[in-house]
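A short write-up of the structure that comes next.
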Amino acid sequence: MKPQFWLSAFLLVLLFMPRTVVRADQRYVITSAKDNVHQDTWTLSGENWSVSKRTLHGGKQDGVDLITIDNGVMQIDVIPTRGMNVYEVRSGDIRLGWDSPVDEIVHPALIDLESRGGLGWLEGFNEWMVRCGLEFAGHPGTDEFVTNTGDTATMELTLHGKIGNIPASEVEVVVDSNRPGRIRLRGVVYEKLFNGPKLKLVTELSVVPGESTFRIDDTIENQGGQQQEFQIIYHANFGAPLLGKDAKVHAAVKSVAPMNDHAAGEIDTYATYDEPTTGFAEQVYLVEPSADENGKTIAVLQNANGDRAASMQWTVDQLPYLTLWKNTAATQDGYVTGIEPATGYPFNRKVERQAGRVPKLDAGQSRRFTLDFTLHRNKEDVDAMIQKVKAIQADHQPIVRRTPPAN
Amino acid sequence: MKPQFWLSAFLLVLLFMPRTVVRADQRYVITSAKDNVHQDTWTLSGENWSVSKRTLHGGKQDGVDLITIDNGVMQIDVIPTRGMNVYEVRSGDIRLGWDSPVDEIVHPALIDLESRGGLGWLEGFNEWMVRCGLEFAGHPGTDEFVTNTGDTATMELTLHGKIGNIPASEVEVVVDSNRPGRIRLRGVVYEKLFNGPKLKLVTELSVVPGESTFRIDDTIENQGGQQQEFQIIYHANFGAPLLGKDAKVHAAVKSVAPMNDHAAGEIDTYATYDEPTTGFAEQVYLVEPSADENGKTIAVLQNANGDRAASMQWTVDQLPYLTLWKNTAATQDGYVTGIEPATGYPFNRKVERQAGRVPKLDAGQSRRFTLDFTLHRNKEDVDAMIQKVKAIQADHQPIVRRTPPAN
Amino acid sequence: MKPQFWLSAFLLVLLFMPRTVVRADQRYVITSAKDNVHQDTWTLSGENWSVSKRTLHGGKQDGVDLITIDNGVMQIDVIPTRGMNVYEVRSGDIRLGWDSPVDEIVHPALIDLESRGGLGWLEGFNEWMVRCGLEFAGHPGTDEFVTNTGDTATMELTLHGKIGNIPASEVEVVVDSNRPGRIRLRGVVYEKLFNGPKLKLVTELSVVPGESTFRIDDTIENQGGQQQEFQIIYHANFGAPLLGKDAKVHAAVKSVAPMNDHAAGEIDTYATYDEPTTGFAEQVYLVEPSADENGKTIAVLQNANGDRAASMQWTVDQLPYLTLWKNTAATQDGYVTGIEPATGYPFNRKVERQAGRVPKLDAGQSRRFTLDFTLHRNKEDVDAMIQKVKAIQADHQPIVRRTPPAN
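Chains as they are written, first to last, in our numbering: chain A, 9 to 415; chain B, 9 to 415; chain C, 9 to 415.
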């Protein structure tokens with residue numbers, strides 16, 4: 009054949025390679041360590057939605073994968089390289105996310121979790137939603153573990169664990185063929201080592217085209233041969249525009265307690281926020297959520313006007329504890345609040361274990377965690393969701409503890 | 009010239025670039041930090057053999073180089089990115105290797121050796137043969153060293169040292185022009201720092217086409233200006249199919265001792281293996297091998313039937329100590345045994361130094377370590393090799409110590 | 009259009025893509041995390057100068073960016089991946105640089121600063137000029153800091169801080185349109201974390217075509233909302249050919265003190281160098297430089313013959329302290345001297361703070377540091393520069409302290 013033919017063929021291949029035509033009920037592999045697959049850039053699109061993947065370059069983000077799901081209403085950024093953390097959700101004038109002093113999406117290869125006495129995690133912390141866990145999820149400090157010789161030794165836990173800094177090994181998009189055509193972004197993240205936990209996290213973030221709701225549906229499996237402790241905190245972080253002076257958090261509360269003496273002094277206003285305040289030291293409140301007859305509970309963060317809000321719904325059987333982290337510091341230092349459903353509180357695991365808040369998985373056992381997030385764009389919608397919170401609360405008076413738990 | 013000509017030329021270059029025609033006695037550079045060379049994929053092949061190099065993608069293995077040598081009988085995977093460790097050797101139904109809970113070949117940039125109290129090495133541990141060393145090779149824990157100010161200070165050693173997590177700086181293939189046409193894969197790995205050891209490891213793994221034997225031939229050189237301690241353990245790890253219930257290890261033994269009290273209780277059956285056992289805590293035995301009149305010794309791992317085996321031969325002048333590591337844990341937790349010729353035992357270097365098992369290299373001095381590995385495919389071959397072990401043992405009764413060494 | 013046209017177009021694009029034609033007063037972006045830009049290779053050239061960027065491959069340097077500025081007289085290598093450190097300056101038979109036992113330009117992803125009791129920095133140390141800082145810049149050891157809960161805790165500082173192992177987020181070249189057409193290589197390096205320092209370093213290394221002088225012009229800005237301590241040491245390191253037996257350092261000295269007892273014994277010869285000496289333990293001298301009426305001071309390193317030298321000039325208001333680090337060890341161990349203008353001395357920050365040598369930046373405040381370096385190629389030039397040092401010294405007798413500072 010003539011060279012011209014090959015040229016045309018070559019250019020055609022170039023042109024169409026990165027795109028994929030959508031077929032119903034189809035599975036698209038973006039990354040697979042198993043099959044040695046990694047797409048540098050990748051796009052999939054439907055009538056009013058798209059999923060696109062790119063690789064970030066420059067500085068501390070060099071080589072970081074970023075996937076954006078656009079369902080026509082929201083754009084959701086997910087970071088496979090950082091354990092499928094959700095960087096940001098954008099929808100009109102609403103944003104789930106915050107302005108961290110950490111600007112770039114930092115590659116885990118540049119993070120040293122052991123740095124700064126176990127606070128190295130903070131050098132990469134800028135996501136809207138970062139999972140804490142899985143072996144340990146809370147504060148740094150000494151705890152016991154079993155060494156390679158079978159002896160009990162101590163190790164220094166690091167803040168919020170490893171899972172948010174582990175690259176996903178398998179990433180795929182699945183598009184349901186059936187109505188409503190849910191689009192699912194799945195990632196598999198392994199926190200496994202020899203003589204240590206063998207935990208597999210299967211994450212799924214899914215949307216329906218045109219809807220203002222998305223779902224996180226995770227499964228944690230113990231792939232080891234023995235019983236294994238685990239912890240998970242869904243560390244969801246909100247800055248402007250939802251957070252601001254007089255913004256409020258609404259939750260159905262069985263009890264609330266301050267995490268330390270500093271927070272104790274402000275417990276009466278734990279549910280409302282101040283403007284950015286230079287030198288503000290974080291205040292953390294520990295909530296036992298109450299639930300409806302189906303075990304569901306709701307937390308809502310509304311802006312000051314009450315005409316924009318984000319809500320999250322989950323089952324207290326799955327995530328029985330809720331931490332409210334108030335960090336209304338100066339804008340440059342990170343003006344942010346965390347609303348954090350979890351298997352426990354963010355104390356060091358040693359404390360959590362003593363309090364009976366560290367669950368275990370038998371060999372081969374798994375547990376599922378489902379959270380639904382919704383954006384609310386007007387006063388009626390916001391009020392309706394707050395009413396649902398109040399309905400769960402009903403006439404149960406929240407127990408307000410004025411001193412931190414005695415650990 | 010016409011564009012068509014350039015197009016054809018361009019496509020021809022594309023077509024032939026990654027392949028290389030073999031010439032006798034030739035040297036092929038795959039990686040060179042010195043000359044800024046890195047081949048993403050690369051293949052060299054002869055009549056009945058090939059060497060191919062690829063880059064792994066996805067998850068924790070992204071960017072890891074993997075070289076496979078196929079001599080027509082065996083396929084051997086070597087990992088330049090992880091210090092020229094040998095991932096696996098496959099030959100028909102024999103495999104040298106094991107199923108670690110760590111599935112991927114983890115990039116050293118994601119490994120923190122200081123993690124978990126110095127046990128971070130375990131997050132990447134899944135190779136058939138990983139070298140431990142070179143500054144230190146054994147258990148974590150405090151030892152002394154000389155700081156940048158010339159003072160003596162203490163540092164926390166990390167499990168099994170750094171060399172298995174350092175990318176090779178120079179990687180090349182050399183094909184002998186003379187019969188039998190040995191194919192040599194060479195890698196240079198530097199464990200050097202300012203105000204610390206300046207050790208150069210030159211590794212060579214070589215095969216002869218059609219043979220069931222391969223050789224590891226390493227040289228460690230002290231490139232510093234002063235005397236330098238070093239340690240090396242050849243941590244060779246075997247799982248199924250060789251390892252199984254009633255598999256046996258055969259070695260010519262001058263003495264054997266348990267490493268700790270736990271192992272002491274099982275010393276009478278130290279040479280045979282159990283089936284995978286949930287919750288099994290490792291048992292480690294410390295062997296002084298005896299040697300023949302040429303200083304050679306042999307260790308053999310045979311399967312339960314005695315019709316498959318792997319043997320290793322080395323010189324006790326080079327590697328005077330042998331550690332048997334029995335870890336017949338549940339399959340999911342890593343069912344594996346280590347047969348580990350070394351310059352010492354895997355105690356912390358402080359203990360090894362006191363016991364006189366930490367060798368030193370003068371400035372510019374080097375030491376060589378040669379190990380021959382053979383696969384045995386039938387009962388006759390296996391028995392013949394076991395007879396060689398017995399011939400070395402002769403009528404010398406092994407000294408069996410029933411208590412761990414007093415450290 | 010015919011395929012041939014597209015082919016030609018395609019080849020033309022390929023041909024011209026990496027080159028850029030120079031226009032006056034132009035700004036060229038090489039790396040931008042903000043705009044997701046990273047050039048793998050890049051060249052810009054003028055009449056008698058060029059700036060070229062390449063990516064290093066192989067071993068520990070894989071993925072490291074290296075930029076070489078050639079002004080017709082000097083070639084200067086800058087490492088964006090390692091905080092804009094200057095690897096080497098070459099000009100005829102003069103070299104600013106040294107032969108470290110660390111041969112490769114090590115990627116920060118492979119450096120663990122916490123390693124070896126906080127001395128991990130030494131595994132990548134081989135540059136002519138490496139900045140130490142910014143949160144801390146001196147010796148490792150325990151110091152206090154404020155945690156995420158607002159409490160005071162202790163952390164282990166690591167040797168010489170982080171900035172030299174942080175990839176630059178933004179890198180650009182600016183060419184002045186006005187005479188003399190200064191060529192500026194700018195890099196922005198962030199040392200920022202949540203609940204920690206938020207420091208921005210803007211570095212600029214600039215040359216004028218045909219001149220033997222170059223300038224480093226840095227600005228450190230506190231982007232956080234609160235006052236922040238910082239430290240910076242310009243750790244400039246010289247080996248052969250300038251350093252050698254009977255080489256000398258000339259500085260205008262208000263006072264000089266030994267850093268420890270070991271250095272105290274040799275204080276009378278602190279300004280001259282010995283030949284490479286096996287087992288030499290570093291000697292460090294702490295200098296308060298005196299300045300001329302404009303606040304300028306000068307340090308000169310001359311070779312033994314006095315016909316080659318390098319000088320550096322700076323303002324003592326900006327950098328009031330000068331450390332002389334003599335490490336005339338064996339060649340293989342690193343025969344090198346450091347001439348290090350700084351905001352303080354390289355003691356642990358705790359010591360520096362007590363001595364009042366840790367400056368602070370208010371929220372939004374920045375400080376600038378300008379250093380001019382000149383190469384001197386003959387006896388007249390060298391003598392003239394030494395005379396300038398003497399003119400600053402005038403008849404002020406240096407205070408020579410014979411014991412280390414009491415910390």
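No residue lacks a Cβ here, since even glycine has one placed at the ideal position from N, Cα and C.
Legend entry - Candidates A:L330, A:R316, A:S319, A:P297, of which the one nearest V400 of chain A by Cα: It is Ile, not Val, that sits at residue 400 of chain A in the sequence shown. I400 of chain A has its Cα closest to that of A:P297, out of A:L330, A:R316, A:S319, A:P297.
Inset, instruction - Label I113 of chain C either buried or exposed according to how many other C-beta atoms from any shown protein chain fall within 10 Å of its C-beta, with 16 as the threshold for buried. - result: buried
Legend entry - Test: L207 of chain B CB closer than 8 Å to a CB of chain D: Although the question refers to chain D, the structure presented lacks it and instead comprises the protein chains A, B and C.
Legend entry - Other residues of its chain near A312 of chain A: CB distance less than 7 Å, five sequence neighbours each side excluded: G252, K253, D254, A255
Inset, instruction - Taking a Cβ distance cut-off of 7 Å, strictly less, list which residues of the stretch 229-251 of chain B are near chain C, in chain order. - result: Q231, G232, G233, Q234
Inset, instruction - Kindly indicate which residue of B:V94, B:D159, B:E388, B:Y293 has the alpha-carbon position closest to the one of F133 of chain B. - result: B:V94
Inset, instruction - Could you please give me the residues that DSSP links to Q239 of chain C through a beta bridge? - result: C:L142
Legend entry - Span of the alpha helix (DSSP H), counted from its first residue to its last, around I174 of chain B: First-last for I174 of chain B: undefined, no H or E at that position.
Inset, instruction - Output yes or no for whether 8 Å exceeds the beta carbon distance between G67 of chain A and A176 of chain C. - result: yes
Legend entry - As assigned by DSSP and simplified to three states, the class of W50 of chain C: strand
Inset, instruction - Please list the partners that V5 of chain B has in chain A, where partner means a Cβ-to-Cβ separation under 8 Å. - result: What is shown of chain B runs 9 to 415, which leaves residue 5 of chain B out entirely.
Legend entry - Listed by chain order, chain C residues near G125 of chain A by CB distance under 9 Å: F153, T155, A161, T162, M163, E164
Inset, instruction - Pull up the CB-CB distance for T162 of chain C and T150 of chain C, whole angstroms please, since I reckon it's below 8 Å. - result: 5 Å
Legend entry - Residues near D315 of chain C by beta carbon distance below 7 Å, same chain, minus five either side: N386, K387, V390
Legend entry - Rounded C-alpha distance that separates A371 of chain B from Q235 of chain B: 5 Å
Legend entry - Any chain B beta carbon closer than 8 Å to H46 of chain A: yes
Legend entry - Residues that N268 of chain C contacts on chain B, provided the C-beta gap is smaller than 8 Å: T157
Legend entry - DSSP state of G218 of chain A mapped onto helix, strand, coil: coil
Inset, instruction - Could you tell me which chain A residues have their CB closer than 8 Å to the CB of E122 of chain C, listed as they occur along the chain? - result: D120, E122, S123
Legend entry - Presumed contact (8 Å Cβ cut-off) between R1 of chain C and P116 of chain C, rounded CB distance: Nothing in the structure corresponds to residue 1 of chain C, since chain C is present only between 9 and 415.
Inset, instruction - Could you work out which residue in A:D43, A:S53, A:H65, A:M92 is closest to D43 of chain C when comparing CA atoms only? - result: A:H65
Inset, instruction - For P412 of chain B, name the three-state secondary structure that DSSP assigns. - result: coil
Legend entry - Interface residues of the stretch 57-90 of chain B facing chain A [CB-CB below 7 Å]: L64, H65, G66, G67, K68, Q69, D70
Inset, instruction - Could you have a look at M163 of chain C and say whether DSSP puts it in helix, strand or coil? - result: strand
Inset, instruction - Given a cut-off of 8 Å, decide if E180 of chain A and Y36 of chain A are closer than it, judged by their beta-carbon atoms. - result: yes
Legend entry - Residues near F381 of chain A by beta carbon distance below 6 Å, same chain, minus five either side: F222, M320
Inset, instruction - Using the DSSP secondary-structure output, state which residues sit across from D151 of chain A in a beta bridge. - result: A:M163
Legend entry - Close beta carbons around R190 of chain A, own chain, < 6 Å, minus the five adjacent residues each side: D184, S214, V216
Inset, instruction - List the residues of chain A that S220 of chain C touches, going by C-beta distances under 8 Å, in chain order. - result: Residues of chain A passing the Cβ test: none, with the nearest at roughly 32 Å.
Inset, instruction - Note down, in chain order, every chain B residue with its Cβ under 7 Å from the Cβ of A145 of chain A. - result: The contacting residues do not exist; A145 of chain A stays about 16 Å from chain B at best.
Legend entry - Proximal residues of chain B, C-beta to C-beta of T39 of chain A below 9 Å: H65, G66, G67, D70
Legend entry - Three-state secondary structure assigned by DSSP to E212 of chain A: strand
Inset, instruction - Using a Cβ cut-off of 8 Å (strictly closer), state whether A117 of chain A contacts chain B. - result: yes
Inset, instruction - Determine, using beta carbons only, whether G372 of chain A comes closer than 8 Å to chain C. - result: no
Legend entry - Segment limits, alpha helix (DSSP H) that includes E388 of chain C: 387-401
Legend entry - Contacts around D300 of chain C, its chain only, beta-carbon distance under 7 Å, and the 5 residues preceding and following it disregarded: I400
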